[in-house]
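There are 4 protein chains.
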Amino acid sequence: MKSQQNNWKEKLHEIIYEADTKEGKIFDVILLIAILSSVLFVMLESVNHIQLKYGTLLNIGEWLLTILFSFEYIFRIISINKPTKYIFSFYGIIDFLSTIPNYLSIFFLGTHSLIALRALRLLRIFRILKLARYIGESNNFIKALKASRAKIAVFLFFVLILCIILGTLMYLIEGGDNGFTSIPRSVYWAIVTLTTVGYGDIAPNTPFGQLIASIIMILGYGIIAVPTGIVSSEMVKTQDLHLNTQVCLNCGEDGHDDDAIFCNHCGTKLNI
Amino acid sequence: MKSQQNNWKEKLHEIIYEADTKEGKIFDVILLIAILSSVLFVMLESVNHIQLKYGTLLNIGEWLLTILFSFEYIFRIISINKPTKYIFSFYGIIDFLSTIPNYLSIFFLGTHSLIALRALRLLRIFRILKLARYIGESNNFIKALKASRAKIAVFLFFVLILCIILGTLMYLIEGGDNGFTSIPRSVYWAIVTLTTVGYGDIAPNTPFGQLIASIIMILGYGIIAVPTGIVSSEMVKTQDLHLNTQVCLNCGEDGHDDDAIFCNHCGTKLNI
Amino acid sequence: MKSQQNNWKEKLHEIIYEADTKEGKIFDVILLIAILSSVLFVMLESVNHIQLKYGTLLNIGEWLLTILFSFEYIFRIISINKPTKYIFSFYGIIDFLSTIPNYLSIFFLGTHSLIALRALRLLRIFRILKLARYIGESNNFIKALKASRAKIAVFLFFVLILCIILGTLMYLIEGGDNGFTSIPRSVYWAIVTLTTVGYGDIAPNTPFGQLIASIIMILGYGIIAVPTGIVSSEMVKTQDLHLNTQVCLNCGEDGHDDDAIFCNHCGTKLNI
Amino acid sequence: MKSQQNNWKEKLHEIIYEADTKEGKIFDVILLIAILSSVLFVMLESVNHIQLKYGTLLNIGEWLLTILFSFEYIFRIISINKPTKYIFSFYGIIDFLSTIPNYLSIFFLGTHSLIALRALRLLRIFRILKLARYIGESNNFIKALKASRAKIAVFLFFVLILCIILGTLMYLIEGGDNGFTSIPRSVYWAIVTLTTVGYGDIAPNTPFGQLIASIIMILGYGIIAVPTGIVSSEMVKTQDLHLNTQVCLNCGEDGHDDDAIFCNHCGTKLNI
């Protein structure tokens, strides 16, 4: 009896958590469609004239998906050996937070908007489609990003401090009459300018303010090279070091091409 | 008789499809001028005050070019051995779609605007001018782009999901009064911001919204380094592998390392 | 007596200037919080409705921090052997300029806004958190930036001249009616456009002006590759030269090539 | 007599065209100040309220500088052996075009605005300050730019065609009511969007238009990597190939480091 139940649990686990069997693949495709529909429903519902016309239809669809997601959540907990591991994992928390708001909206009115949390479920697409594996066959991509993470964080931190200083300066120069009504707002403007976004909702009006703004822009245009340079060089480095790990049995030469059959140093056949 | 006709077909093929003979070159230049004029006519016709003044003239020009393109299309079908291959090829479909709307506009009124499809013919310029060959002498350029295509696609897909999540967040924070009237519109705003375009038609007004916007901008400023890094490193890698021009006398393999003494494909000593 | 006083000075120096002891770490954390609060207070004070509500509270907080910074400044001078070295150092001047305005604001009314100079103290965060050391373990990062500094400066200088010429051109084309009221303003517009910021406060209206603007934008889109290319290649170069960790036994030279057999400085055989 | 005159011409040539002697350096500095003042005068004159106040003063300054430039121009022609070579050179034409408008403004009223051409003289700064030499000590920088020039041109050409196609598409979708009044204007908008400038003077209003706009933006965000990748890889390649041209006399090994004294392959002293 227990063995049979185990078997049943194992099968469910295979279908829900893996995609090797036919049933597992079908489950993944259905889940993918459900997530995409769910996000689409939330988006359409927020558009006023669509809400007025198809509100009831969207509501029904949302409830159907919520029930589907609830069952998926319960099955995920049942089929795994250590339920707490799933419940408190990154995807476990997202699954819970994206399912619960619809139920809460029966009792509390405001919580309905929390349904937008469901957009976070889109992240699961990466898992379902195994896209992450597709990117970094040799994991070079992820390695390069991890290696440059610290440098980019410091760079962005430096950009932030620069924006605070420049924003404060612009607040003193332009003043409230030209839209720079407070330092936080001026810092916001400095970020908009340095990152070359440039909304234009706040723009300098005095000649001196425009001079400082020009300097900020040229600065932003120049230092955008820094994160790019970091990532590029990190990627080139990672690739060079991991091109091929074959070592010649005769002369010990390494660094062969990927399609090398013979050692390019002594001519011995490589052990492929 | 048949051989003569064949000869005639072959000559036409040489003129239309190739650019080695004098006639072929003249044909290409005329076609290039015709395509550019055609696009120019469509553009000018859309400008109101030019349409009022020179409408008839542009109309005549357009009809002349349409007839010219029709003949070109027919000759292309006649002169090739397997017409279906051309008709259903990329350029074949474009040629058809860019010629037919003018005829349809006699019977249906709305189809005239389809004439704008003619802009697609501009892509033929690349073929005529053989620009593609000019870029990648050793095809390194195209190789690098193809190699990084998958990575960039995943990256852009990740950016899109990020924009959906951040757009939904901003919709909840800012609300309809500040222009964030629906989630799709907020997602549109998030894309405008993250890609550092920054129209300013929708801009955050609340302090908290501006804070989130600032984070999005700095994020966008930082992650623009990722596609650049991918392409750069891919290009450096591709170049490194083809630096050496040695070709093995035995097996004809090329692309050896700079310090290679033996062919890495068959083990023959290279002629250094 | 003197030795005891020396001891006392040494201990104070260790606490204030270093972060090796427990007291030194606590001092650094307190200073970090004080600087961040101080900047936050200045920012909040500039927001009108916060100033009206919590003005007195913020004022008291600012005075407390000013007194704290005054003591810190005095202790820094006392505990160091050569006070002038600190006073005229980069951080010494910033510390003085960010402490004095609050005192001056008692006598002179306008100087209060100088308190914004305090934002410059944020730069000290880099020192406290030792972030700079974190970036460039092998100093490659700083080396690459220094090596490319001159090139980037010339590039930005070239961009500036380009903007003056293009701005002047647009002033002649568009004229004052379309917002291009003077050459300096047109140059400002050219910088906004070339750096891809694009506020939209000034935008070309005439067809010819939009044509020139399009050329400037495509130009800006293309030449952003230049600073990026400079930094990237500089970083790759710096890394390449230090890939190898071999040190010559004879002369201690390092930074050898990967395939080096003999030291390139003294000719001794390397221990591979 | 003739030799003396020759001597006099040679000296003038040395002063005007070169910067090796003390007089030559002084001449360059004066010319630099004159050019900068001249550009500054033109810029200030275009500002309305400055023109009203200091108009006469600026006018006198301009005439003094025009006379100075006229003398410089004449001396340049006299002191060179082949005057036509200078007159029809790039700088010769700029010098002429930037000097003549002031004289013409006596007879014709409109030509005064041509004085803005003087901004082109700023390019001479590169020559005077020998900045170009400063950038590319080993000419790697210029080489890399030249090598990637063709690729970048093709890329920008491709961007332009893309903008024409996308602009035409948006003209059909959005129509004149939303600001897309004609195809040229829509193409202008597509360039503004793809290059991530984003003025916001024209912005899509319909949901479908915003969808297409989003795609264009993400496209622009992605393909900015292409020119950057081209320049970066070109620079890395150029540097690698030209690091050092020394060849070992004994074993013929090349590619030594810049500070190499002994061959890293066989240990022979290099011929420095």
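Protein chains in written order, with the working numbering: chain A, 4 to 275; chain B, 4 to 275; chain C, 4 to 275; chain D, 4 to 275.
C-beta: ideal position from N, C-alpha, C; glycine also.
**Q.** C-beta contact flag for C/Thr184 and D/Val200 at 8 Å
**A.** no
Q | Separation of A/Ile221 from D/Arg79, as counted between CA atoms | A | 36 Å
Q | Alpha carbon of D/Ile128 to alpha carbon of A/Gly225, nearest angstrom | A | 21 Å
Q. What are the start and end residues of the alpha helix (DSSP H) that includes B/Ala37?
A. 25-49
Q.
Please tell me whether D/Pro104 and D/Leu120 are closer than 8 Å, where the distance is taken between their beta carbons.
A. yes
**Q.** Distance between beta carbons of C/Leu61 and C/Leu47, contact taken as under 8 Å
**A.** 6 Å
Q) Along the stretch 191-206 of chain A, what residues have a CB closer than 7 Å to any CB found in chain B? A) Tyr191, Ile194, Val195, Thr198, Thr199, Val200, Gly201, Tyr202, Gly203, Asp204
(Q) Less than 8 Å between C-beta atoms, sequence neighbours within five positions excluded: which residues of the same chain meet that for C/Ile2? (A) Because chain C in this structure spans residues 4 to 275, residue 2 of chain C falls outside the shown range and cannot be described.
Q: Count the other C-beta atoms from every protein chain shown that fall within 10 angstroms of the C-beta of B/Ile19, then say buried if there are 16 or more, exposed otherwise.
A: buried
Q) In chain order, what residues of the stretch 215-236 of chain B put their CB closer than 8 Å to some CB of chain A? A) Ala216, Ser217, Met220, Ile221, Gly223, Tyr224, Gly225, Ile227, Ala228, Val229, Thr231, Gly232, Ile233, Ser235, Ser236
Q.
Would you say C/Ile168 lies against chain D (beta-carbon separation less than 8 Å)?
A. yes
**Q.** CB of D/Lys12 within 8 Å of CB of D/Ser82, strictly
**A.** yes
Q.
Within 10 Å of its beta-carbon, does A/Gly58 have 16 or more other beta-carbons around it, so buried, or fewer, so exposed?
A. exposed
Q: Return the CA-CA distance between C/Phe74 and C/Ala122, expressed in angstroms with no decimal places.
A: 19 Å
(Q) Against chain C, with Cβ distances strictly below 8 Å, would A/Phe93 count as a contact? (A) no
(Q) Just checking: is the beta-carbon of B/Asn51 within a distance shorter than 8 Å of some beta-carbon in chain D? (A) yes
Q) Whose C-beta lies closer than 8 Å to the C-beta of C/His16 among residues of the same chain, with five residues either side of it excluded? A) Ser82, Ile83
Q) Buried or exposed: which applies to B/Lys240, given that a residue is buried once 16 or more other Cβ atoms fall within 10 Å of its Cβ? A) buried
(Q) Quick check on C/Gly182: does DSSP put it in helix, strand or coil? (A) coil
Q.
Using only the alpha-carbon positions, how far apart do D/Ile38 and D/Val32 sit?
A. 10 Å
Q: Flag D/Pro86 as yes if its beta-carbon sits less than 8 Å from any beta-carbon of chain C, otherwise no.
A: no
Q | From A/Pro207, A/Phe110, A/Thr171, residue whose alpha carbon lies closest to that of C/Trp192 | A | A/Pro207
Q: Give the range of the alpha helix (DSSP H) segment to which C/Thr102 is assigned.
A: 93-110
Q.
For a cutoff of 8 Å on Cβ pairs, would you count A/Ile155 as touching chain B?
A. yes
Q. Relative to the C-alpha of B/Thr102, which residue among B/Leu67, B/Arg130, B/Leu132, B/Asp23 is closest?
A. B/Leu67
Q: Starting from C/Arg127, follow the alpha helix (DSSP H) in both directions and report where the run begins and ends.
A: 127-131
Q: Going by CA-CA distance only, name the one from A/Gly27, A/Val45, A/Val157 that's closest to B/Leu175.
A: A/Val45
Q. If you run the structure through DSSP and keep just helix, strand and coil, what is C/Tyr202?
A. coil
Q) Per DSSP, what kind of secondary structure is C/Ile227 in: helix, strand or coil? A) coil
(Q) Going by DSSP in three states, C/Pro187 sits in which element: helix, strand or coil? (A) helix
Q. Should A/Arg152 be labelled buried (16 or more other beta-carbon atoms within 10 Å of its own) or exposed?
A. exposed
Q: Thinking B/Gly203 and A/Asp204 are a contact (beta carbons under 8 Å), I'd like their distance in whole angstroms, please.
A: 5 Å
Q.
Using only CA atoms, which one of C/Ser236, C/Ile218, C/Ile215, C/Pro187 lies nearest to A/Gln213?
A. C/Pro187
Q: Give me the Cβ distance between C/Thr198 and A/Gly95, rounded to the nearest whole Å; I'm assuming they're in contact under 8 Å.
A: Incorrect: roughly 45 Å between the Cβ atoms, too far for contact.
(Q) On the criterion of 16 or more Cβ atoms from any shown chain inside 10 Å, does A/Ile29 qualify as buried, or is it exposed? (A) exposed
Q. Secondary structure at C/Glu21, three-state DSSP: helix, strand or coil?
A. coil
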